[in-house]
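Q: So the protein sequences, as listed, match chains F and C.
Start counting the first sequence at 202; every next residue gets the next number (this note's numbering).
Start counting the second sequence at 55; every next residue gets the next number (this note's numbering).
Below you will find the structure I want to go over with you.
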Amino acid sequence: MSQPPKILVTKIGFDGHDRGSRIVAAYLRDAGMEVVYTGPWQSIDDVVTLATQEDVDVIGVSSLATDHLLLPKLMDALRAADLGHIKVVVGGIVPDADAESLASAGVARVFHPGSTREDIVGDVGDLAREARAGNAVA
Amino acid sequence: MTDNPMSDGPIGDAPVQLPLPGFDAARAEWRQAYAEQIGEEGTVRNRSGIEVKPLYTAEDWDGSGYMDDLGFPGQLPMTRGIYPTMHRGRTWSQRQLIGHGLPEDYNLRFRTILEAGGNAGSLIPCNSVYRGFDCDEVDPVLLGTCGAVVNSVDDMDICYRDVDIGSISTALNDPLPFTLLALLLAVAKRRGVPWTKITGTSNQSDYLSHFIANHMFYRLSLPGSRRVLLDHIDFCQRQVPGWNPVSVVGQHMQQGGATPAEAMGLTLSTAIQYANDCLERGMQPDQFLPRFTFFFDISMSFFEEIAKFRAGRRIWQRLVRERFGASDPKAWRFKFHAQTSGVDLTRQQPMNNVARVTAQAMAGIMGGLQSLHTDSYDELSSVPTEEAARVAISTQNILCEEAHLTDVIDPLGGSFYVERLTDEMEARIEAVIARIDDAGGMYRAAEAGIPQIMMGESALAFQERVESGAQTVIGVNKYEVDEVSDAATPLTRTDDAVMGGHVARFEKFKRDRGQQAVDRALDDLARAANAAPGTPEANVFGLSVAAAEAGVTHGEICACLRRELGNGEPLVLA
């Protein structure tokens, strides 16, 4: 990849806890990725608009208080906007049963508490490359 | 009296005087033996960055400053506790956070607590409520997942159905503009319960902590928030005198990454800000300060947490006397609720969290808390299950009634280590307060992002220590096991049809209420928000209560005040 991976780190829904998203944003930046960071409470439309404008490869959603339940709607909205190549990952508190349904909705990866810097940086980098390859094909 | 405090004999009445005969030689011998056996050793530091030595002796604390530094429980400088009897007289309140689903679910849960002999509870509303919305304004998939959906006076009435609201103490998780208390007071009016009998606390009244650390609760602009908090304090002082209108929250800062010393310092600076604002409004310190309460996090750093609480008590009594001239001993008391630390729990091997919560709770109890929430072991996987919530309460009962922790007041008082650490934490905390003072107080410091940056740096530094293994987290970076994730059944979400029924009932409530009275109440509220503060007609909280009585909903009050006072946008730094 010539350009560094571009990642949108965001929060949707109602919660505002951002310790995790700030740390992850710092990790990704330190690893040489370009990070677009938003405050909490983005609507699905906000995220889709930002993803289009910024031409990101991966969207990382931080969820600590059930906001992950909105992710299937984000996936639909991305596909509807012709952004199906973008990989979506979620980090935070996600019950196992919900993790399964998120996977079937197309969420690429769930980072549970205890995930390491290495896991996150490695997987997000890989997913960014996949996303870009997918976009080039499409 | 014995002249060697390190012997088995009791220390007598006279202060210990250094040097002690034989001390130097014994110390040299121990140091040599220690160095030979331990080999290379790096500096050990606690979370606040204080160096922790392998041994503390009478060199570190010799008791000669006992009366200045410690005194007796309920007496200045309050280090040993804020009441003469502490937990021997009255143990802490068990204030578990409860709330999910419908008002009916909350009522059932709360009545179970009352039937089990409790007389206090908390009300945790749904996240949609935290964001200032009614249930008909949001995506229904998120309704009731993290707290109870309470929007109207009817909803609040159901929450406390068959409960005498004049005889319970309620902690409402109720950020500004305090719509839940407004609804509760409207219910009281409806039932003929005088407001003077309503007791409890406005948790989440600390808007600065929301602006800085826990954005979910942040609803109104900073200037608007400043105004509404003062109106709320003023109104409660006059009309709901048994209510604590202010809970200053260090928990958000520490959960957000601040070290224990930073969290305590930032909290005290916030309290200074609110007290100064009250003074400026013309309120009397001896009237408002006794109603200030605090809320802290208890991390896994056991002794550091105990020292944090002891130092906090000592600093607070000094602050309120020296800065604010408070002369009522009630104003000197540093009353606090504490919660065990969610961020220190692990998703891996969740039952290990029972041990973590126990250690954290013990630190809080030995630190002299007045009220405690113990986290459930499964909180890193989901909203707590019934079973996990029961274990959390049992943990408190075991510590309270089996472990003999309450037999002795301030049981670690006089420990060479704890006294030295209390002094060192005090110095660190004072340094944070001085830094915020230099920035012009907490309001200005928050606008400038100073605490936000402090917390972010500390959060990252702590995470680096976990990543490097310098900070052990069992099951995460040490003693990991391959495990199939816990099979516990998460609390089931309220059925969509049931929640749909609730929303329909809410919409009917809005259709059936007297629209004229609603419109008038909202007009009055908007007018108050734009009037110069200081009179009852301009008291935004008083007008919110009147609006709730007229049937105005939570979301409508929030929307009106967001419009008139400015929407709350936190300063987001990354």
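All C-beta atoms in this analysis are idealised placements derived from N, C-alpha and C, irrespective of residue type, glycine included.
1) Taking the beta carbon of C:Asn593 as the centre, do at least 16 other beta carbons fall within 10 Å, making it buried, or is it exposed?
2) Mind pulling the chain F residues with CB within less than 9 Å of C:Cys200?
3) Which chain C residues are close to F:Ile294, counting only those with a beta carbon under 9 Å from its beta carbon?
4) State the CB to CB distance for the pair C:Phe348 and C:Ser301, rounded to an integer number of angstroms; the pair is presumed to be in contact (CB under 8 Å).
5) Among all the DSSP beta bridges, which residues are the ones paired with C:Gly175?
6) For F:Gly233, name the three-state secondary structure that DSSP assigns.
7) Does the ligand MG have even one heavy atom less than 7 Å from the beta-carbon of F:Met234?
8) Starting from C:Phe346, trace the beta strand (DSSP E) in both directions and tell me its first and last residue.
9) Can you tell me which of F:Ser305, F:Gly217, F:Arg333, F:Arg223 puts its alpha carbon nearest to the alpha carbon of F:Leu272?
10) Look up F:Ala329 in the DSSP assignment and say whether it is helix, strand or coil.
11) What three-state label does DSSP hand C:Asn257 in the structure shown?
12) What in chain C is Cβ-close to F:Arg310, meaning under 8 Å?
13) Give the residues of chain F in contact with C:Met270, contact being defined as C-beta atoms less than 8 Å apart.
14) Using DSSP's beta-bridge definition, name the partner residues of C:Gly418.
15) For a contact defined as C-beta to C-beta under 9 Å, what are the partners of C:Gly311 on chain F?
16) Taking the C-alpha atoms as reference points, what is the distance between F:Ala252 and F:Leu209?
17) Residues of chain C with CB under 7 Å from F:His313, in chain order?
18) F:Leu270 CB to nearest chain C CB: under 8 Å?
19) Determine the direct distance from the alpha carbon of C:Asp260 to that of C:Thr394, and round the result to whole angstroms.
20) Counting C-beta neighbours from all protein chains within 10 Å, is the total for C:Ser182 16 or more, i.e. buried, or is it exposed?
21) State whether the stretch 148-159 of chain C contacts the stretch 206-223 of chain C, with contact taken as three or more CB pairs (one from each stretch) at a distance under 8 Å.
22) Can you give me, in chain order, the residues of the stretch 507-530 of chain C that have a beta carbon less than 9 Å from any beta carbon in chain F?
23) So for F:Gly335, helix, strand or coil by DSSP?
24) In terms of alpha-carbon separation, which member of C:Pro194, C:Val572, C:Asp382 lies closest to C:Leu130?
25) In chain C, which residues lie with their C-beta within 7 Å of the C-beta of F:Ala281?
26) Label C:Gly63 either buried or exposed according to how many other C-beta atoms from any shown protein chain fall within 10 Å of its C-beta, with 16 as the threshold for buried.
27) Please work out which residues of its chain come closer than 6 Å, Cβ to Cβ, to C:Ala443, disregarding the five sequence neighbours upstream and downstream, and give them in chain order.
28) Report yes if the C-beta distance between C:Gly128 and C:Ile136 is below 8 Å; otherwise report no.
29) So what's F:Leu275 in DSSP terms, helix, strand or just coil?
30) Could you pull out every residue in the same chain whose Cβ sits closer than 6 Å to the Cβ of C:Glu478, ignoring the five residues on either side in sequence?
31) Does the distance from the C-beta atom of F:Val262 to that of F:Ile294 stay below 8 Å?
32) May I ask you to list the residues that DSSP assigns as paired with C:Trp297?
33) Confirm, please, whether the CB-CB distance from C:Thr607 to C:Lys564 is below 8 Å.
34) For F:Ile224, name the three-state secondary structure that DSSP assigns.
35) Here's the rule I'm using: 16 or more other beta-carbon atoms within 10 Å means buried, otherwise exposed. How should F:Trp242 be labelled?
36) Could you check the C-alpha separation between F:Ala279 and F:Val289 for me, to the nearest Å?
A: According to the structure data:
1) Its Cβ being crowded by 16 or more others within 10 Å, C:Asn593 is buried.
2) Under the 9 Å cutoff, chain F gives Phe215, Asp216, Ala266, Thr267.
3) Ordered by position in chain C, the residues that pass the 9 Å Cβ test against F:Ile294 are Arg401, Glu433, Leu434, Ser435, Ser436, Val437.
4) Indeed they touch by this definition, with Cβ atoms about 7 Å apart.
5) The partner list for C:Gly175 (beta bridge, DSSP) reads C:Thr224.
6) In this structure, F:Gly233 counts as coil in the three-state DSSP scheme.
7) You won't find the ligand MG in this model; it holds no ligand whatsoever.
8) First-last of the beta strand (DSSP E) with C:Phe346: 346-352.
9) Nearest option by C-alpha distance: F:Ser305.
10) Helix at F:Ala329.
11) DSSP places C:Asn257 in the strand class (E or B) of the three-state scheme.
12) By Cβ distance, chain C contributes nothing, its closest Cβ being about 15 Å from F:Arg310, past 8 Å.
13) Within 8 Å of the CB of C:Met270, the CB atoms of chain F belong to Phe215, Asp216, Gly217, His218, Pro241, Ala266, in sequence order along the chain.
14) Paired residue(s): none; C:Gly418 is not in a bridge.
15) Residues of chain F passing the Cβ test: Arg220, Arg223, Ile224.
16) Roughly 7 Å between the two C-alpha positions.
17) Those within 7 Å of F:His313 in chain C are Arg401.
18) Contact of F:Leu270 with chain C is assigned, a C-beta pair being separated by under 8 Å.
19) Taking the straight line from one Cα to the other gives about 19 Å.
20) Buried is the call here.
21) Because the criterion of three Cβ pairs below 8 Å is met, the stretch 148-159 of chain C and the stretch 206-223 of chain C touch.
22) Listed in sequence order: Met509, Gly510, Ala513, Leu514, Gln517, Glu518, Val520, Glu521, Val527, Gly529, Val530.
23) Helix.
24) Ranking C:Pro194, C:Val572, C:Asp382 by Cα distance to C:Leu130 puts C:Asp382 first.
25) The premise fails here: F:Ala281 is roughly 17 Å from chain C at the closest Cβ pair, so nothing lies under 7 Å.
26) Low local confidence applies: a pLDDT of 38 at C:Gly63 is under 50, so the model's placement there is unreliable, with the coordinate-based value given in what follows. It counts as exposed.
27) Sequence-distant Cβ neighbours of C:Ala443 in its own chain, meaning closer than 6 Å and more than five residues away, are Ser430.
28) Yes, the Cβ-Cβ distance between C:Gly128 and C:Ile136 is below 8 Å.
29) Helix.
30) Residues of the same chain with a CB within less than 6 Å of the CB of C:Glu478, apart from the 5 flanking positions on each side, are Ile104 in chain order.
31) No, Cβ-Cβ distance for F:Val262 and F:Ile294 is not below 8 Å.
32) Paired residue(s): C:Gly254.
33) A contact, by the Cβ cut-off of 8 Å.
34) Helix at F:Ile224.
35) Buried, because 16 or more other Cβ atoms sit within 10 Å of the Cβ of F:Trp242.
36) Checking the sequence, you will find Leu at residue 279 of chain F rather than Ala. Here the alpha carbon of F:Leu279 sits roughly 10 Å from the alpha carbon of F:Val289.
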